[in-house]
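Read in UniProt numbering, the sequence shown has 73 at position 73, and its numbers run on one by one without any break.
Virtual Cβ for every residue (Gly too), placed ideally from N, Cα, C.
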Amino acid sequence: MGKLSKENNVFQAELQAISQAIKHHENASNRVNIWSDSLSSLQAIQNPTSPHPIVRKIQLQLQERNNINIGWIKAHTGHLGNESSDALAKRAITEGTNLEILKPISHLKNILNKELLQEWKKEWDKGTVGRQVHEIIPIPSFKLHNWSRYEIMFFSEHGPFLHHT
């Protein structure tokens, strides 16, 4: 039983399980059916232009073994094999041996966004312009502020408003 790191996602886990099932049956001489309840994984495997590395690996595995079929089965319907694989997957979280696979792009994006926001905050704090807005929004974020044009002019003091000194 293998387990992935917390940065990996369910899609990767499903694909890895399919790949391991194919590998387990690589020497089978008779026809083998592998069932998965992950429709997204099966659709990715069917896509000949998929750039995903695990999908590409599975596609190569299937090309080398023409006696293996992969099909979809509805989840949580009491099918013994599917329920057993779900139980094994849950057990692997605590008992499995670590598998090293590439982290998903979403993980890299999260890291880059955090670093970007930290740098943005440093620049925002030491800046000399936009200080009125800095008082209202001291921490930069990717969250959109749905302010009207007039609210922006008012808060930035760049509108047709009287000033007092």
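Judged by their CB atoms, I54 and I93 are not nearer to each other than the 9 Å cut-off.
In this structure the region 116 to 135 does not lie against the region 22 to 35, because fewer than three pairs of beta carbons, one per stretch, are closer than 8 Å. Take the alpha-carbon of F11 and the one of I111: they are about 20 Å apart. Shown here for Q132: same chain residues with a beta carbon closer than 7 Å to its own, the five before and five after excluded, namely F155, S156 and E157 in chain order.
For I54, the three-state secondary structure derived from DSSP is helix. For W35 and W72, the gap between their C-alpha atoms comes out near 6 Å. A Cβ-Cβ contact shorter than 9 Å links N98 with G2. Taking the Cα of E7 as reference, the smallest distance to any Cα among S148, K109, G127 and I139 is reached at K109. In the three-state scheme derived from DSSP, where H, G and I count as helix and E and B as strand, T77 is classed as coil.
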